[in-house]
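The structure under discussion appears below in the form of structure tokens.
Protein chains: 2
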Amino acid sequence: MTTSLQGKRPTIRDIAKLAGVSHQTVSRALNNQARIAPETRKRILRIARDLGYHPNRAAKMLSMKRSFVLEVNLVNIEPATAFSLSAKIMSDTAKDLGYSVMFAEITPDEINKAIESAASRLVDGMALYAPRLNDDREIAEIGHRHNIPIVRRDYAPDSKLACVGYDIVYGATLAVQHLLDQGHRHVAEISGPLEYTAAAIRHNTWQKLLEDNGIEPGPSVAGDYSIKSGYEAMLELLKHKIPFTALVAGNDHMALGAIRALQEHGRSIPDDVSVVGFDDKQYAAYIDPPLTTIRQSFDRQDKIVTEYLIELIENTDTEIYHRVLQPELVVRNSVRNLNA
Amino acid sequence: MTTSLQGKRPTIRDIAKLAGVSHQTVSRALNNQARIAPETRKRILRIARDLGYHPNRAAKMLSMKRSFVLEVNLVNIEPATAFSLSAKIMSDTAKDLGYSVMFAEITPDEINKAIESAASRLVDGMALYAPRLNDDREIAEIGHRHNIPIVRRDYAPDSKLACVGYDIVYGATLAVQHLLDQGHRHVAEISGPLEYTAAAIRHNTWQKLLEDNGIEPGPSVAGDYSIKSGYEAMLELLKHKIPFTALVAGNDHMALGAIRALQEHGRSIPDDVSVVGFDDKQYAAYIDPPLTTIRQSFDRQDKIVTEYLIELIENTDTEIYHRVLQPELVVRNSVRNLNA
DNA sequence: CTTGATTGCGTTACCGTTCACGCCTCGCAA
DNA sequence: TTGCGAGGCGTGAACGGTAACGCAATCAAG
Chain F
809 MTTSLQGKRP TIRDIAKLAG VSHQTVSRAL NNQARIAPET RKRILRIARD LGYHPNRAAK
869 MLSMKRSFVL EVNLVNIEPA TAFSLSAKIM SDTAKDLGYS VMFAEITPDE INKAIESAAS
929 RLVDGMALYA PRLNDDREIA EIGHRHNIPI VRRDYAPDSK LACVGYDIVY GATLAVQHLL
989 DQGHRHVAEI SGPLEYTAAA IRHNTWQKLL EDNGIEPGPS VAGDYSIKSG YEAMLELLKH
1049 KIPFTALVAG NDHMALGAIR ALQEHGRSIP DDVSVVGFDD KQYAAYIDPP LTTIRQSFDR
1109 QDKIVTEYLI ELIENTDTEI YHRVLQPELV VRNSVRNLNA
Chain P
809 MTTSLQGKRP TIRDIAKLAG VSHQTVSRAL NNQARIAPET RKRILRIARD LGYHPNRAAK
869 MLSMKRSFVL EVNLVNIEPA TAFSLSAKIM SDTAKDLGYS VMFAEITPDE INKAIESAAS
929 RLVDGMALYA PRLNDDREIA EIGHRHNIPI VRRDYAPDSK LACVGYDIVY GATLAVQHLL
989 DQGHRHVAEI SGPLEYTAAA IRHNTWQKLL EDNGIEPGPS VAGDYSIKSG YEAMLELLKH
1049 KIPFTALVAG NDHMALGAIR ALQEHGRSIP DDVSVVGFDD KQYAAYIDPP LTTIRQSFDR
1109 QDKIVTEYLI ELIENTDTEI YHRVLQPELV VRNSVRNLNA
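Chains F and P, in that order, are what the protein sequence lines are. For the first sequence, counting from 1, position 25 maps to 833 in the working numbering; every step adds exactly one. For the second sequence, counting from 1, position 195 maps to 1003 in the working numbering; every step adds exactly one.
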């Protein structure tokens, strides 16, 4: 007569039977709800522990119409850039607040489908890493329709969504101004792909800041953010035969590639050419010469994205705004002071 | 009388009502099952599309007792090592086969809890990245009890679980033998943390191979796989004043740090000291000098892990074995040939 | 003309939670 | 005594799918 639970996971009704109460009372006990006698709660919790009970999340999801899962979508990221995002930080931050995180990589035309899919999985909120995406009105609309808060993990000036990203104009200004301050007047550029919002803004800032100082902008070539593309872009720049004493690279990867190309062509860094990168990657301090760069902590950014997203989920009237972080100049030895 | 579906997601019963059939027929149509008239199926699919229907995954999970979700657990990874794992590859591979992937980072004592938790979320399978874990018998047992296949994303010789990893002894042999072939007789080492199974095996291989050749192993210091620790380990080695002409580093990160330290102390690479790394990180070809290293493609490894895991899930009688991948020596310019 | 298999579809139960109610009891104030 | 609020708990439905089974109609074979 003993309905042995062999192989099967125990349910709240199994606990209820053993405790001599209804399944609802068990539910109350397990969820720390009020209106239950302290001893009853204790007894139920003990039985639950003894049975090795763990609630079935699917049932919980179905009943509560939510999943406590966040989803991160990487949209059309260059392989070299992918997972500058720190999945670990996001997972940890989310876990502390009771959520799990899922990651997916998609193409721009799949964003809508991804939101639909997330809705069908009762995903509570979504982070979007889409550095090429300019017009996100439709996405904001769909997210709103499905009641899924969305936070962008980059900075797009015209975004209708919540954003967390670094001040791009300020970062680019830091880089170029530093070179100007050190007396450079011929400043070349290896930009990121200009479809990237950030790359385009940096390019424009580079150009404008030089022109505002009465200086003709040096040659500029676009890379794809990979080390290799930086190497090749530099070969291209050298072919132009337009002289330059300094280079702004779109990220540290390309700066490294460019330095390699310069060294292979007998140019010394920083004596012949000064170089500034972006991001302050881990290796930046250890290459030869140690790289002067604009630090943008992705860890910090990803932590804030996660916290903000959860805030939006749990507090419906949290306002949507653009959270702008400040990058900082890290001076090492890849820039020569021409004033000295 | 029209029960308008405003705001609510349509269900199969809504579709059924519109199509004039039962919800079961709709289910059959949506799941491509047999025993349904072609026109009925078409009509139902059209209505589903028009309604923007997407199945509720929670309901599906509850009913099917599974989730089509894989979980990847990173166990106690040094920050520097974390996400050498390529989440993108795993996600993509899984997606092609109808699964999603979740990532989490945990400590060793949380592994059991993580499996329990995965079971309660009806997770179909788990990948474990636990390079420090030697005895995994208990974990294998718990996984088996909860009917969750587990694949380790590293190579542990005594593992009871399915494993996918690179041949550590062979990799270390490649590195040391290469140095011996080039005439080196004083070979130092910067190892990874010796609690790491792989680090310990490499260390032993380094030692044994040298002794087998009648050579006294050079000095050895352990780092933590970060660039910085490589730098500091080299300072330590230099302090010992034991001369060496070659260095084996536990990974490219530490090789880079070590090179930096050597250069700062006026040693030229490879003229004074030759260096071999491990992994063939993206930047390895671009630092100065380009680094000779042992290539281990994590992308390939992660793809295989994912495919193997799904195979284990879908085919209950798939056998459990250790899948050993072969690393390869990539020769660049950081090793000097003393025979020439 | 019966038999039996097959096709096409419906009915009902079930998965394991939470939620909306409602019922009893007890204590306390009117 | 009555009324009433609150504490403690139970009952039944709901969530949205899938699974098991049943049943009528059709059709080919005997």
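From the three backbone atoms N, C-alpha and C, an ideal C-beta is built for every residue, glycine too.
About 7 angstroms separates the Cβ atoms of arginine 1010(P) and glycine 1058(P), confirming a contact at the 8 angstroms cut-off.
Listed as beta-bridge partners of isoleucine 914(P) by DSSP are Val883(P). Distance from the Cα of isoleucine 1121(P) is smallest, within the candidate group Gly951(P), Asn1021(P) and Gly1065(P), for Gly951(P). Counting only Cβ-Cβ distances below 9 angstroms, arginine 1068(P) has contacts in chain F at Ala1093, Tyr1094, Ile1095, Asp1096 and Pro1098, in chain order. Secondary structure at serine 1142(P): coil, using DSSP grouped into helix, strand and coil. Per DSSP, the beta bridge partners of serine 1028(F) are Glu997(F). Using a Cβ distance threshold of 8 angstroms, valine 1143(P) and valine 1084(P) count as a contacting pair. At a cut-off of 3 residues, not a single continuous stretch assigned as beta strand (DSSP E) sits fully inside the stretch 849 to 882 of chain P. Taken atom to atom, the span from the alpha-carbon of tyrosine 978(P) to that of alanine 1148(P) is near 26 angstroms. CA-CA distance, leucine 1046(P) to arginine 953(P), rounds to 52 angstroms. Alanine 1057(P) has Ile998(P) as its beta-bridge partners, per DSSP. The stretch 979 to 996 of chain P makes no contact with the stretch 954 to 969 of chain P: fewer than 3 CB pairs, one atom from each, lie closer than 8 angstroms. Residue-level contact check: tyrosine 1033(F) does not touch chain P, since none of the beta carbons of chain P fall below 8 angstroms from its beta carbon.
Taken through DSSP and simplified to helix, strand or coil, histidine 1130(P) comes out as strand. For glycine 906(F), the secondary structure class from DSSP, reduced to helix, strand or coil, is coil. With respect to the C-alpha of alanine 1054(F), the residue from Ser1034(F), Glu1072(F) and Pro1027(F) having the closest C-alpha is Pro1027(F).
Within chain F, Glu924, Ser925, Ala927 and Ser928 have C-beta atoms less than 8 angstroms from the C-beta of histidine 862(P), given in sequence order. Looking at the DSSP output, tyrosine 1004(P) bridges to nothing. Across the set Arg836(P), Arg817(P) and Asn920(P), the C-alpha of Arg817(P) shows the shortest separation from the C-alpha of leucine 870(F). Scanning Leu941(F), Lys1049(F), Glu949(F) and His1048(F) for the CA closest to the CA of proline 1001(F) turns up Leu941(F). The stretch 1059 to 1070 of chain P makes contact with the stretch 1030 to 1045 of chain P, as at least three CB pairs between them are under 8 angstroms. Runs of the beta strand (DSSP E) spanning 3 or more residues and lying entirely within the stretch 933 to 976 of chain P occur at 933 to 937, 958 to 960 and 970 to 974, in chain order. Within the same chain, Cβ atoms closer than 7 angstroms to the Cβ of arginine 1131(F) are found at Cys971, Val972, Ile1112 and Tyr1116, the five residues on either side in sequence being excluded. A Cβ-Cβ separation of about 5 angstroms places isoleucine 1035(F) in contact with tyrosine 1094(P) under the 8 angstroms criterion. For a Cβ distance threshold of 7 angstroms, residue set Ala866 of chain P lies close to methionine 869(F), ordered along the chain.
Between the stretch 920 to 932 of chain F and the stretch 867 to 883 of chain F, the count of C-beta pairs closer than 8 angstroms reaches three or more; the two stretches touch.
Contacts between tyrosine 1039(P) and chain F, judged by CB atoms closer than 8 angstroms, involve Tyr1094 in chain order. Of the residues Tyr937(P), Tyr1004(P) and Ala902(P), the one whose Cα lies closest to the Cα of leucine 878(P) is Ala902(P). Nearest to glycine 1022(P) by C-alpha distance, out of Leu988(P), Glu1003(P) and Tyr1033(P), is Leu988(P).
In this structure valine 1139(P) is exposed. Its beta-carbon is surrounded by fewer than 16 other beta-carbon atoms within 10 angstroms. Here the alpha carbons of serine 894(F) and serine 1105(F) stand approximately 10 angstroms from one another. Between alanine 980(P) and serine 908(F), the C-beta spacing is not below 8 angstroms.
With the criterion set as a beta carbon lying under 8 angstroms from some beta carbon of chain P, the members of the stretch 902 to 923 of chain F are Lys903, Ser908, Val909, Met910, Phe911, Ala912 and Glu913, in sequence order. For a Cβ distance threshold of 7 angstroms, residue set Tyr1094 of chain P lies close to glycine 1065(F), ordered along the chain. Take leucine 1146(F), set aside five residues on each side of it, and the residues of its chain with a beta-carbon closer than 8 angstroms to its own are Gln990, Gly991, His992 and Thr1053, in chain order.
Any Cβ of chain F closer than 8 angstroms to the Cβ of serine 1076(P) would place that residue at the interface, and such an atom is absent.
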